[in-house]
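> Input: one structure, supplied below.
Number of protein chains: 2
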Amino acid sequence: MATSDPVYLRVVEDIRRQITDGTLPPGAPIPSRAQLTRKYQVGETAARHALRVLAGEGLIIGRVGSGHYVRQRPDLTPLHRWRFLDHPAPFAADLQSQGRRVTWDWHSEPVEAGPVIARRLRLPESTMLTRTRYVYRGDGKPLQLATSYELREFAPHTDDERRSVVARLYAHGVKITEIVESVHTRVPRPAESDALDLAAGVHVLHVERTHWAGDRPVETSDIVIPGDRFRVMYSMPV
Amino acid sequence: MATSDPVYLRVVEDIRRQITDGTLPPGAPIPSRAQLTRKYQVGETAARHALRVLAGEGLIIGRVGSGHYVRQRPDLTPLHRWRFLDHPAPFAADLQSQGRRVTWDWHSEPVEAGPVIARRLRLPESTMLTRTRYVYRGDGKPLQLATSYELREFAPHTDDERRSVVARLYAHGVKITEIVESVHTRVPRPAESDALDLAAGVHVLHVERTHWAGDRPVETSDIVIPGDRFRVMYSMPV
DNA sequence: ATTGCAAAGTTGGGGCTCCAGCCGTCATCG
DNA sequence: CGATGACGGCTGGAGCCCCAACTTTGCAAT
Chain V
4 MATSDPVYLR
14 VVEDIRRQIT
24 DGTLPPGAPI
34 PSRAQLTRKY
44 QVGETAARHA
54 LRVLAGEGLI
64 IGRVGSGHYV
74 RQRPDLTPLH
84 RWRFLDHPAP
94 FAADLQSQGR
104 RVTWDWHSEP
114 VEAGPVIARR
124 LRLPESTMLT
134 RTRYVYRGDG
144 KPLQLATSYE
154 LREFAPHTDD
164 ERRSVVARLY
174 AHGVKITEIV
184 ESVHTRVPRP
194 AESDALDLAA
204 GVHVLHVERT
214 HWAGDRPVET
224 SDIVIPGDRF
234 RVMYSMPV
Chain D
4 MATSDPVYLR
14 VVEDIRRQIT
24 DGTLPPGAPI
34 PSRAQLTRKY
44 QVGETAARHA
54 LRVLAGEGLI
64 IGRVGSGHYV
74 RQRPDLTPLH
84 RWRFLDHPAP
94 FAADLQSQGR
104 RVTWDWHSEP
114 VEAGPVIARR
124 LRLPESTMLT
134 RTRYVYRGDG
144 KPLQLATSYE
154 LREFAPHTDD
164 ERRSVVARLY
174 AHGVKITEIV
184 ESVHTRVPRP
194 AESDALDLAA
204 GVHVLHVERT
214 HWAGDRPVET
224 SDIVIPGDRF
234 RVMYSMPV
């Protein structure tokens, strides 16, 4: 705008425009630091900063040794961690710190993908998937519903495999390059109210998470957490 | 964790701990770049990066020429902009770009603060405040309810003054040093459903915004925007 | 006592450089 | 023909430096 706009902004705005208008589609490589300095006639510092800003906005993702790429869902801000309103600790850590027992409930019977999951995994609706369900419990009451879906060949067998999706898929030769999370609050569905034993009017936080290997979604999960006890808050990795 | 943790993390973790455990209260000054390099025996680059990361987490705020300070609400992530799900433009810009008429509806009759607003402004409940209400309309239907409260002496008189809170208060010798926003989605209250003519089951986005001058809150506002058309998303300034 | 001003300190933008560790590719060797 | 290893490119961490713009402070002059 002004006569003396920061130099790095020129780079940021140009690349941002190319991503939002589709010139650079999801997965497309962004020029490297060295290339940017030549292309925009800026110093390396400005080029680095521009890349960091774009990564902070969730438009691109940097992969060490490889380069920067347009994220699969540049429209969704990456979630770094979220917090309870009256609790400084991140949610996952919070569960542990309160000494709540976590039980694993794994369903190995294959299920049909269905329209929602099929769209997220780019598969035909009739594809048979493995459904893994974790139910976190504390004081005997369910605290969270988490269901993940993946191809049967990736199904976990040991408890260790159940713990880390990334490590398990890596063992199958599938390398997770990106995790996309979409978070919002909403009214719980009847089935969720039932399962979580919710009082009327209580909201839930809904997290949709998809693991990508390159341009291919390979695993997706839904987490439903009851509560008006927190607000969704984001903290960006810098 | 590992043997070779980044240097800047030591600084980040130490300051973060001091903020979360109350050693550094809201408003407290953070050591400057030069002081950090001496105190932690790190380079200036590491010190700067540490400050940037903490600012990115919403724990501290940098003021040019003055220094870095603990934010008044380090528990709330600062909102940079938010987006529609199916719209790349930020919300405010979006309204303008769609050519929607914005009407100003300013109530000069003083109102009592009441418990919620009084707590946010740290005033007695009986304090008489000026209530300024903006109602954005498009196609004749209300699009957004925004109500802001402030001391009567700061009341706006011209349309220009109504536009910028920061500029108006500055004219009164009150300098805004920080803006704290808390955002969440929820079920609309009956009065809001009425005013915004909402269908049953439609959620609203609720933004609570407070302007701070030093350690004193001087103006606060509530914005209620209807819609399941968007998700709350944050993009941190880096 | 009040005003004005200069000096010192601080942030944010920017430049340059070096290096470890990682990734891909390509050529060479068994 | 397949495996191995070397090499170049890339990111992220880190160091040092310079400067403009801004704030704060303290001193000096009115």
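Protein sequence lines correspond, in order, to chains V and D. Mapped onto the working numbering, the consecutive letters of the first sequence carry residue numbers 4 to 241. Mapped onto the working numbering, the consecutive letters of the second sequence carry residue numbers 4 to 241. The C-beta atom is built at its ideal place from N, Cα and C for all residues, glycine as well.
If you measure from the CB of V:T26, is any heavy atom of the ligand GTP nearer than 6 Å?
Looking for the ligand GTP in the displayed structure turns up nothing, as the structure carries no ligands at all.
> Pick helix, strand or coil for V:D24, following the three-state DSSP scheme.
To locate residue 24 of chain V, count along the first sequence from 1; it is residue 21. Three-state result, V:D24: coil.
> Would you mind reading off the limits of the beta strand (DSSP E) that contains V:G65?
Start at 1 with the first residue of the first sequence, and residue 65 of chain V comes out as number 62. Looking at the DSSP string, the run of the beta strand (DSSP E) that includes V:G65 is I63 to R66.
> Hey, out of V:L124, V:E184 and V:R66, whose CA is closest to V:L208's CA?
Position 205 of the first sequence, counting from 1, holds the residue named residue 208 of chain V. Ranking the options by Cα distance to V:L208, first place goes to V:E184.
> Determine the direct distance from the alpha carbon of V:S167 to that of V:I18, and round the result to whole angstroms.
Residue mapping note: residue 18 of chain V aligns to position 15 of the first sequence, counting from 1. Residue mapping note: residue 167 of chain V aligns to position 164 of the first sequence, counting from 1. Each residue's Cα considered, the two are about 34 Å apart.
> Counting only the same chain and skipping the five closest in sequence on each side, list residues whose C-beta sits under 6 Å from that of D:A31.
The residue labelled residue 31 of chain D in the question sits at position 28 within the second sequence. Here the set comprises V73.
> Checking 7 Å against the spacing of the C-beta atoms, do V:G14 and V:Y43 come in under that value?
Position 11 of the first sequence, counted from the first residue, corresponds to residue 14 of chain V. Position 40 of the first sequence, counted from the first residue, corresponds to residue 43 of chain V. First, the residue type needs correcting, since residue 14 of chain V is Val and not Gly in the sequence shown. Cβ distance < 7 Å, so V:V14 and V:Y43 count as in contact.
> Assign V:P127 to buried or exposed, taking buried as 16 or more other Cβ atoms, counted over all protein chains shown, within 10 Å of its Cβ.
Numbered from its first residue, the first sequence carries residue 127 of chain V at position 124. Result: exposed.
> At the level of alpha carbons, what is the spacing between V:E164 and V:H175?
Within the first sequence, numbered from 1, the residue matching residue 164 of chain V stands at position 161. Within the first sequence, numbered from 1, the residue matching residue 175 of chain V stands at position 172. Spanning the two alpha carbons is a distance of roughly 11 Å.
> Which residue marks the beginning of the beta strand (DSSP E) containing D:S224, and which one marks its end?
Numbered from its first residue, the second sequence carries residue 224 of chain D at position 221. Residues R219 to P229.
> Look at V:R134 and V:Y152 and say whether their C-beta atoms are less than 7 Å apart.
Counting from 1 along the first sequence, the entry for residue 134 of chain V is found at position 131. Counting from 1 along the first sequence, the entry for residue 152 of chain V is found at position 149. Against a cut-off of 7 Å, the Cβ pair of V:Y152 and V:R134 comes out as a contact.
> Straight-line CA distance for V:D116 to V:S129?
Looking up residue 116 of chain V in the first sequence gives position 113. Looking up residue 129 of chain V in the first sequence gives position 126. The amino acid occupying residue 116 of chain V in the given sequence is Ala; Asp does not appear at that position. Going by the C-alpha atoms only, they are around 6 Å apart.
> Helix, strand or coil: how does DSSP classify D:H209 here?
Indexing the second sequence from 1 puts residue 209 of chain D at position 206. Correct three-state label for D:H209: strand.
> What does DSSP give as the partner residues of D:H71 in its beta bridges?
Stepping through the second sequence from its first residue, residue 71 of chain D is reached at position 68. Partner(s): D:I33 and D:G65.
> Give me whichever residues DSSP pairs with D:H160 in a beta bridge.
Position 157 of the second sequence, counted from the first residue, corresponds to residue 160 of chain D. For D:H160, which the question treats as bridged, DSSP gives no partner whatsoever.
> Just to confirm before moving on: does the CB-CB distance between V:V252 and V:E195 stay below 7 Å?
Outside the displayed span of chain V (4 to 241) sits residue 252 of chain V, for which this structure offers no information.
> If you draw a straight line from the C-alpha of V:A37 to the C-alpha of V:V56, how long is it?
Taking the first sequence and counting its residues from 1, one reaches residue 37 of chain V at position 34. Taking the first sequence and counting its residues from 1, one reaches residue 56 of chain V at position 53. Roughly 17 Å separates the two Cα atoms.
> Secondary structure at V:P193, three-state DSSP: helix, strand or coil?
Within the first sequence, residue 193 of chain V is the residue found at index 190, counting from 1. Three-state DSSP puts V:P193 in a helix.
> Whole angstroms are fine: how far does the CA of V:V205 sit from the CA of D:R136?
Counted from its first residue, the second sequence places residue 136 of chain D at position 133. Counted from its first residue, the first sequence places residue 205 of chain V at position 202. Answer to the nearest angstrom: the Cα atoms are 30 Å apart.
> Exposed or buried, which one is D:A49 when buried takes at least 16 other CB atoms within 10 Å?
In the second sequence, the residue the question calls residue 49 of chain D occupies position 46. Answer is buried; the Cβ neighbour count reaches 16.
> With 16 as the cutoff for other CB atoms within 10 Å, does V:D78 come out buried or exposed?
Stepping through the first sequence from its first residue, residue 78 of chain V is reached at position 75. With 16 or more other Cβ atoms within 10 Å, it is buried.
> With a threshold of 6 Å on Cβ separation, who are the neighbours of D:Q21 within its own chain once the five nearest residues in sequence on each side are excluded?
Walking along the second sequence from the start, residue 21 of chain D turns up at place 18. Answer for D:Q21: L27, listed in chain order.
> Assign D:G224 to buried or exposed, taking buried as 16 or more other Cβ atoms, counted over all protein chains shown, within 10 Å of its Cβ.
Start at 1 with the first residue of the second sequence, and residue 224 of chain D comes out as number 221. The residue you asked about is not Gly; residue 224 of chain D is Ser in the sequence shown. Flag for D:S224 reads buried.
> Count the other C-beta atoms from every protein chain shown that fall within 10 angstroms of the C-beta of D:P159, then say buried if there are 16 or more, exposed otherwise.
Along the second sequence, one-based indexing puts residue 159 of chain D at 156. Classification for D:P159: buried.
> Is V:R155 near V:P113, with beta carbons less than 7 Å apart?
If you number the first sequence from 1, residue 155 of chain V lands on position 152. If you number the first sequence from 1, residue 113 of chain V lands on position 110. Contact flag set, yes.
> Ordered along the chain, which non-local residues of its own chain (more than five positions away) have a Cβ less than 8 Å from that of V:M4?
The residue given as residue 4 of chain V occupies position 1 in the first sequence. Reliability fails at V:M4, whose pLDDT of 45 lies under 50, so the model's placement of it is uncertain and the value that follows must be treated cautiously. Answer for V:M4: no residue qualifies.
> Are there 16 or more other CB atoms within 10 angstroms of the CB of V:R171, so buried, or fewer, so exposed?
Within the first sequence, numbered from 1, the residue matching residue 171 of chain V stands at position 168. Answer is buried; the Cβ neighbour count reaches 16.
> Return the residue from the list V:P220, V:P29 and V:V10 that minimises the CA-CA distance to V:L39.
Start at 1 with the first residue of the first sequence, and residue 39 of chain V comes out as number 36. Minimum Cα distance to V:L39 is reached at V:V10.
> Can you tell me the Cα-Cα spacing of V:H214 and V:V186, whole angstroms?
As a working note, residue 214 of chain V is residue 211 in the first sequence. As a working note, residue 186 of chain V is residue 183 in the first sequence. If you take the alpha carbons of V:H214 and V:V186, they lie about 15 Å apart.
> To the nearest whole angstrom, what separates the beta carbons of D:A216 and D:T180, a pair I think is in contact under 8 Å?
Position 213 of the second sequence, counted from the first residue, corresponds to residue 216 of chain D. Position 177 of the second sequence, counted from the first residue, corresponds to residue 180 of chain D. Right, their Cβ atoms sit about 6 Å apart.
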